[in-house]
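Following: one structure in structure tokens, then a few remarks.
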């Protein structure tokens with residue numbers, strides 16, 4: 120593998136400021152920028168594999184891994200395309216539907232250090248998370264795209280509903296179905312959305328029942344009560360901020376309701392998340 124790829128990754132890693140991405144600046148950092156383990160965490164890959172990439176040792180990254188690295192290193196479109204070419208892949212096609220998140224959206228995500236937030240596409244696939252989102256929901260990015268899809272896991276994995284109150288499940292289910300129908304209309308004859316809908320029909324009678332109601336509506340700001348096993352009850356306003364580009368990306372922010380203990384619960388989650396990272 121070309122040493123130029125390793126040099127490029129190292130240069131972009133060292134150009135980032137840890138505090139801008141939610142990491143403590145610290146006084147024991149021997150080099151500028153992020154640590155390799157921090158980039159690996161953001162890209163959801165092992166620190167050993169990322170180290171091999173930087174050192175140009177026996178690594179052949181897939182396009183999915185490169186997309187994760189582009190997000191983790193906050194690359195511009197030109198830098199992302201350069202990364203793909205250095206790794207022996209063609210630059211991603213210019214399309215409105217992509218796992219790449221524009222720098223402006225990533226900047227907003229990085230700036231949100233006191234509340235959980237993540238970026239998802241128009242099919243509810245999570246493509247980027249901040250540290251508090253990982254502490255609240257677990258790590259979703261970098262996995263199989265279907266397992267990173269909120270709607271898929273909601274209708275196929277009962278564990279995905281444990282954070283939400285049972286009395287809110289019906290409304291949440293209806294919201295995901297109406298949002299997916301809206302995305303399907305927007306995408307037209309797109310195989311990804313067609314396969315997702317077909318698989319949901321096969322996997323969930325509840326999805327089919329709600330799909331047949333023909334409701335169409337994008338996700339909107341909603342008040343929710345979450346129950347976390349360690350942080351307790353979290354009363355939040357789930358805000359949706361749309362991207363200004365044709366990508367279909369949405370920034371989802373869990374904003375604490377005024378007058379509740381939710382902000383303190385988020386502080387507790389932040390400490391837990393940092394302890395988990397330090398233990399790695």
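In the numbering used here, the protein residues as written are 120 to 399.
Quick reminder that beta carbons are idealized off the backbone N, C-alpha and C, glycines included.
If you're wondering where the values come from, they're calculated on a predicted model, not measured in any experiment.
The Cβ atoms of residue 315 and residue 299 sit closer than 9 angstroms to each other.
With a minimum length of 4 residues, the unbroken runs of alpha helix (DSSP H) contained wholly in the region 279-335 fall at 288-306, 310-322, 324-330. With 16 or more other CB atoms across the displayed protein chains lying within 10 angstroms of its CB, residue 225 is buried. The straight-line gap separating the alpha-carbon atoms of residue 209 and residue 352 is approximately 47 angstroms.
9 angstroms or more divides the Cβ of residue 122 from the Cβ of residue 133.
Residue 225 is not bridged by DSSP to any residue. Looking from the CA of residue 270, the closest CA among 325, 219, 222, 304 belongs to 325. Counting the other Cβ atoms within 10 Å of the Cβ of residue 229 gives 16 or more, which makes it buried. Check the Cα spacing between residue 238 and each of 374, 361, 289, 390: the tightest is with 361. With contact defined as three or more Cβ pairs closer than 8 angstroms, the region 341-358 and the region 275-292 are in contact.
For residue 375, the secondary structure class from DSSP, reduced to helix, strand or coil, is strand.
A straight line joining the alpha-carbon of residue 159 with that of residue 378 spans about 37 angstroms. Between residue 330 and residue 296 the beta-carbon gap is near 6 angstroms, inside 8 angstroms, which marks them as a contact. Between residue 305 and residue 240, the C-beta spacing is not below 9 angstroms.
Residues 242, 299, 302, 303, 306 of the same chain have their beta carbon placed closer than 8 angstroms to that of residue 312, with the five preceding and five following residues left out of the count. Excluding sequence positions up to five before and after residue 194, its CB lies within less than 7 angstroms of the CB of 131, 202, all in the same chain and listed in chain order. According to the DSSP secondary-structure assignment, residue 164 is paired through a beta bridge with no residue. The C-alpha of residue 129 lies about 43 angstroms from the C-alpha of residue 292. Under DSSP, residue 236 forms a beta bridge with 372. For the options 371, 276, 200, 308, the alpha carbon positioned closest to that of residue 186 is the one of 200.
By the criterion of a C-beta distance shorter than 8 angstroms, residue 369 is surrounded in its chain by 238, 239, 240, 241, 338, 359, 360, 361, 362, once the five residues flanking it on both sides are discounted. In this structure, the straight-line span from the alpha carbon of residue 264 to that of residue 319 is close to 14 angstroms. Between residue 221 and residue 327, the C-beta gap is not smaller than 9 angstroms, which leaves the two residues out of contact. In terms of Cβ geometry, residue 373 and residue 236 form a close pair [threshold 9 angstroms]. Here residue 350 has 384, 387, 388 as same chain residues with Cβ atoms under 7 angstroms from its own Cβ, once five neighbours each way along the sequence are excluded. For residue 219, the closest of 142, 168, 333, 196 by C-alpha to C-alpha distance is 196.
Between the alpha carbons of residue 357 and residue 157 lies a distance of about 27 angstroms. Residue range 351-361 is occupied by the beta strand (DSSP E) that includes residue 360. The beta carbons of residue 234 and residue 375 sit closer together than 9 angstroms. Close CB contacts of residue 178 within its chain, under the 7 angstroms cut and outside five residues either way in sequence, are with 120, 168, 171, 172 (chain order).
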